[in-house]
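Asks:
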Amino acid sequence: MITEKGQLSQARRNWTSRLRGLKIDSDNLRKYGVNAPQYAELLWVGTKDVECGLKKWSSKQSAQVVDDWPVDLVRPLREWKAIGCCLQHWQTRMSWEETGLIDQMMSWIREKGKVDRLSSHEEVLQRYQQLDHLYEIVLAEQKLRTRKELVAGNFREEGGILVHLGPDGRPYFGGKGNHRLAIAIAAGLEYFPAQLGVVHVSALNSLSRYRNCPVLPSIPIDGK
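For the sequence shown, full-length UniProt numbering gives the first residue as 1, with consecutive numbering after it.
This is the structure in structure tokens:
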């Protein structure tokens, strides 16, 4: 897609991610044992289980274990503008222009010069056309492909939909992958692939239930 990194940038990120993952994985293994969370590991998340999200931690903090949870930042998914607008488009056939997303993107571009590697109205329109094409593919296949399926050599699920595991193992959208999460919801997928975000200490024992998709063959948790 137009918003994917170029080959050189992707290769650089893969190398950096492997180094970061080696350190984080080693630290977590020492602290939490063989079932410890791993950096950027692939999770399989029940689509209907994700009811809320919060924007606090970045994907670079993947596999970090926390003992506090910012309940004041938690918001229902439909309050996330990009997700709500995408669902209006795919579920009610509202045009992209009518959802307000095109105008919002152009406003950000005028302010910042470039957003998500987009810098013109034409590129914004192309992006949303590509999202429509992706939605049709997902609807037909009834699955979202993993990052490794989409990008050769991608490190684990880095760049995927970010999902944090909160108290008692409840999944929370982490604010990255709005459009893909909206596609999973609109297409009625039972599960979707996600990149692990942070893990609440009470969710450590819940990790195992996210590591394999019930409707797919088992995948090694190291995802290498």
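Think of the CB as a built atom: it goes at the ideal place given N, C-alpha and C, for glycine as much as any other residue. Keep in mind the model is a prediction, meaning the values are calculated, not measured.
Hey, residue 270 and residue 29 are a contact pair by Cβ (cut 8 Å); roughly how many whole angstroms apart?
Replies: In this structure the chain extends from 1 to 224, so residue 270 is not present and cannot be described.
Asks: Thinking just about the alpha-carbon of each residue, which of 149, 210, 54, 160 is nearest to the one in residue 75?
Replies: Against the sequence shown, residue 75 aligns to sequence position 75. Residue 54 is the option with its Cα nearest to residue 75.
Asks: In whole angstroms, what is the alpha-carbon distance linking residue 191 and residue 140?
Replies: The residue given as residue 191 occupies position 191 in the sequence shown. The residue given as residue 140 occupies position 140 in the sequence shown. Taking the straight line from one Cα to the other gives about 15 Å.
Asks: Where do the ends of the beta strand (DSSP E) carrying residue 210 lie?
Replies: Locating residue 210 in the sequence shown gives position 210, counting from the first residue. Note, residue 210: premise wrong, no beta strand (DSSP E); not H, not E.
Asks: Count the other C-beta atoms from every protein chain shown that fall within 10 angstroms of the C-beta of residue 99, then say buried if there are 16 or more, exposed otherwise.
Replies: For the purposes of this step, residue 99 is taken as residue 99 along the sequence shown, with counting starting at 1. Buried, because 16 or more other Cβ atoms sit within 10 Å of the Cβ of residue 99.
Asks: Check the C-beta distance from residue 86 over to residue 186 and give it rounded, since I have them as a contact under 8 Å.
Replies: Numbered from its first residue, the sequence shown carries residue 86 at position 86. Numbered from its first residue, the sequence shown carries residue 186 at position 186. Confirmed, Cβ separation roughly 7 Å.
Asks: Below 8 Å, how does it come out for the stretch 53 to 72 and the stretch 168 to 186: are there three or more Cβ pairs, yes or no?
Replies: A contact exists between the stretch 53 to 72 and the stretch 168 to 186.
Asks: Which residues bound the alpha helix (DSSP H) around residue 84?
Replies: Along the sequence shown, one-based indexing puts residue 84 at 84. 81 to 92 is the span of the alpha helix (DSSP H), which, as asked, contains residue 84.
Asks: Would you mind listing the beta strand (DSSP E) stretches within the stretch 178 to 206 that are 3+ residues and don't spill past its ends, in chain order?
Replies: 191 to 200
Asks: Within 10 Å of its beta-carbon, does residue 133 have 16 or more other beta-carbons around it, so buried, or fewer, so exposed?
Replies: Position 133 of the sequence shown, counted from the start, is the residue given in the question as residue 133. Residue 133 should be labelled exposed.
Asks: Over what stretch of residues does the alpha helix (DSSP H) that includes residue 134 continue unbroken?
Replies: Taking the first residue of the sequence shown as position 1, residue 134 is located at position 134. Residue 134: member of the alpha helix (DSSP H) spanning 121 to 141, first to last residue.
Asks: In chain order, what are the residue ranges of uninterrupted alpha helix (DSSP H) at least 4 long that sit wholly in the stretch 35 to 114?
Replies: 81 to 92, 96 to 99, 101 to 112
Asks: Just the C-alpha distance for residue 9 and residue 17, rounded to the nearest angstrom, thanks.
Replies: Residue 9 sits at position 9 when you count from the first residue of the sequence shown. Residue 17 sits at position 17 when you count from the first residue of the sequence shown. Between residue 9 and residue 17, the C-alpha separation is close to 12 Å.
Asks: Assuming residue 200 contacts residue 166 (C-beta within less than 8 Å), just tell me the rounded distance between them.
Replies: The count along the sequence shown starts at 1 and reaches residue 200 at position 200. The count along the sequence shown starts at 1 and reaches residue 166 at position 166. Indeed, because the Cβ distance is near 5 Å, the residues count as touching under 8 Å.
Asks: For residue 77, which residues from the same chain have a beta carbon less than 7 Å from its beta carbon, with the 5 sequence-adjacent residues on both sides left out?
Replies: Within the sequence shown, residue 77 is the residue found at index 77, counting from 1. Only 50, 51, 52, 53, 83, 173 meet the Cβ criterion.
Asks: Can you tell me where the beta strand (DSSP E) with residue 162 in it begins and where it stops?
Replies: For the purposes of this step, residue 162 is identified with residue 162 of the sequence shown, where counting begins at 1. Its beta strand (DSSP E) spans residues 161 to 165.
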